[in-house]
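Enquirer: Residue numbers (this note's numbering): 5 to 255.
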């Protein structure tokens, strides 16, 4: 059983001058933030190489930024939780479970041309994975994840990984799978220059990616402290519905 609570001290990246308007200050940007974090991890060992685990974490951020053109005030709450079951039997190593994570964002900025509304996002996910060690030279790992996001959309995410060792010095690995990313309104913007034209992420589609990679590795060991490792890797990624930034906020 493990519990950790972190509360970093209140930090100011640039000095605040509450008694003076920012136009009279020596600084063109005033940025102040306060964040608290908490983590919990619990593991219970069962007979027969089995275990149940639970973990969760939470974070709360209170951020303020003042510029001459506008002020940025926001509160953000993030949370993550996961239940999982692990069992090892023979040549198979199974892991399955579910998790719930989300975000609560409250926006209170002033002076923005296109204000960003407050929003809540939540994702419920189910996952299963199996690592099958067929022989001492060949193993295969399969996995499948199914996410339900706030927009009432299901996202299936399969993946497959293979490992083959033709000899003690050579290793060949191949991996392929699907992934996605939910757009965030601040991920592509400079807060000091472009926040006034930020957009509402609720109208955007998720970014979906399919990727594959393989690598060939040679490892030779001469002495206890002398090793030679050569690795050649190949990557390919296809991105669908990518988020692009327009200079005209109306687009």
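Each residue gets a CB set at the ideal place from its N, CA and C atoms; glycine is no exception.
#1: Please tell me whether residue 257 and residue 64 are closer than 8 Å, where the distance is taken between their beta carbons.
#2: Between residue 134 and residue 124, which are expected to be in contact by the criterion C-beta below 8 Å, what is the C-beta distance as a whole number of angstroms?
#3: Give me the Cα-Cα distance between residue 153 and residue 110, rounded to the nearest whole angstrom.
#4: Would you call the CB atoms of residue 151 and residue 129 closer than 8 Å?
#5: Taking residue 46 as the reference, give the member of 158, 89, 69 and 35 with the closest Cα.
#6: In this structure, what does DSSP give as the bridge partners for residue 214?
#7: Can residue 94 be considered in contact with the ligand MN, in the sense that its beta carbon sits closer than 7 Å to one or more heavy atoms?
#8: Is it right to say residue 48 is buried, meaning 16 or more other beta carbons lie within 10 angstroms of its own, or is it exposed?
#9: Taking only three categories from DSSP, how would you classify residue 67?
#10: Can you tell me which of the three DSSP states residue 228 falls into?
#11: Give me the residue from 68, 69, 104 and 91 with the minimum Cα distance to residue 85.
#12: Between residue 122 and residue 50, what straight-line distance do the alpha-carbon atoms span, to the nearest angstrom?
#13: In chain order, what residues of the same chain have a beta carbon less than 8 Å from the beta carbon of residue 138, not counting five sequence neighbours either side?
#14: Closer than 6 Å by C-beta to residue 183: which residues in its own chain qualify, once you throw out the five before and the five after it? Chain order, please.
#15: Mark residue 220 as exposed unless 16 or more other C-beta atoms lie within 10 angstroms of its C-beta, in which case mark it buried.
#16: Could you give the distance in angstroms between the alpha-carbon of residue 167 and the alpha-carbon of residue 161?
#17: List the endpoints of the continuous beta strand (DSSP E) containing residue 103.
#18: Sorted by chain position, which residues of the same chain lie with C-beta nearer than 6 Å to residue 240's C-beta, five sequence neighbours on each side aside?
Expert: For this structure:
#1: One cannot answer for residue 257 here, as it falls past the ends of the chain, which runs 5 to 255.
#2: In fact, because the Cβ distance is near 34 Å, the residues do not count as touching under 8 Å.
#3: 19 Å
#4: yes
#5: Shortest Cα-Cα distance from residue 46 to any of 158, 89, 69 and 35 involves 89.
#6: 182 and 242
#7: Because no ligand of any kind appears in the structure shown, any question about the ligand MN cannot be addressed here.
#8: exposed
#9: In the structure shown, residue 67 sits in a strand (DSSP, three-state: E or B).
#10: coil
#11: Comparing Cα positions, the closest option is 104.
#12: 44 Å
#13: 95 and 144
#14: 213
#15: exposed
#16: 20 Å
#17: 96 to 111
#18: 216
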